[in-house]
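Colleague: Quick note on the numbering used here: the sequence shown kicks off at 68 and runs consecutively. Don't be surprised by glycine CBs; every beta carbon is placed ideally from N, CA and C.
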Amino acid sequence: MNNQVITTVNGTEIGAVIGEDGSIFVPVKPICQALTVDFSAQAQHIKRHYILGSIVVTLTTVAADEKEREMLCLPLEYIYGWLFTIDAGRVAESRRESVANYQIECYKALYEHFTGSMQRTIETNNAEIELLQQINSAISDEKEAKGRRKKAEEALGKLRAERLNPQPTLFS
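(1) So, is Met138 buried or exposed, given that buried needs 16 or more other C-beta atoms within 10 angstroms?
(2) Since Phe92 contacts Leu141 with CB under 8 Å, what's their CB separation in whole angstroms?
(3) So the alpha helix (DSSP H) Val166 belongs to, where does it begin and stop?
(4) Buried or exposed for Ala83, going by 16 or more other Cβ atoms inside 10 Å?
(5) So, is Leu102 buried or exposed, given that buried needs 16 or more other C-beta atoms within 10 angstroms?
(6) Taking only runs of the beta strand (DSSP E) that begin and end inside the segment 90-162, which ones reach a length of at least 3 residues, in chain order?
(7) Which residues does DSSP list as the beta-bridge partners of Glu87?
(8) Check whether the Cβ of Leu102 sits closer than 7 Å to any heavy atom of the ligand GTP, and report yes or no.
(9) Please report the straight-line C-alpha distance between Ile146 and Ile85, rounded to a whole angstrom.
(10) Throw me the rounded Cβ distance for the Val95 and Gln111 pair, which I believe falls under 8 Å.
(11) Looking only at its own chain, which residues have a Cβ that is under 6 Å from the Cβ of Gly120, when we skip the five neighbours before and after it?
(12) Would you list the residues sitting across from Gly82 in a DSSP beta bridge?
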């Protein structure tokens, strides 16, 4: 396993453990310390959580003091969701606003993801309706044109029949 710093949170470097298969795990404790959140409470919360509890692992990582330690870690793709579950009211006041702002961004991202796809569906449906209306209009125009053509062909047929079969007249 390879350790690598991936970001800094409130001046605290946050490392990641990169597995042999390329999977990335992030230790939870340094993030808790950076946010001034009780690590023990968060560890319990993570372990009790239906989803997070099923994917949390304990890995050996190199801590900030360069010593190897067993650390509670989450896969990188779950860190953002876990941060979203932290009660901003339990974060030190000096960090509360940044946690709350992050969570507001999460709410907005979720809203935009779901309503954005819904909006795309609505736009696609409206475009499809417009095209179907154009097709229906073309079909109606085609039917009317066929009707006019049929009448014209019938009139032409009558005219030709009269010309080819002249009736005798008494007075010309």
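Modeller: On the basis of the data shown:
(1) buried
(2) 7 Å
(3) Where Val166 is concerned, the enclosing alpha helix (DSSP H) stretches over 160-231.
(4) buried
(5) Buried: at least 16 other Cβ atoms inside 10 Å.
(6) 91-94, 124-129, 135-142
(7) According to DSSP, Glu87 bridges with nothing at all.
(8) Of the ligands one can find in the structure shown there are none, so the ligand GTP has no counterpart to examine.
(9) 15 Å
(10) So it is not a contact: roughly 11 Å between Cβ atoms.
(11) Lys114
(12) Val72
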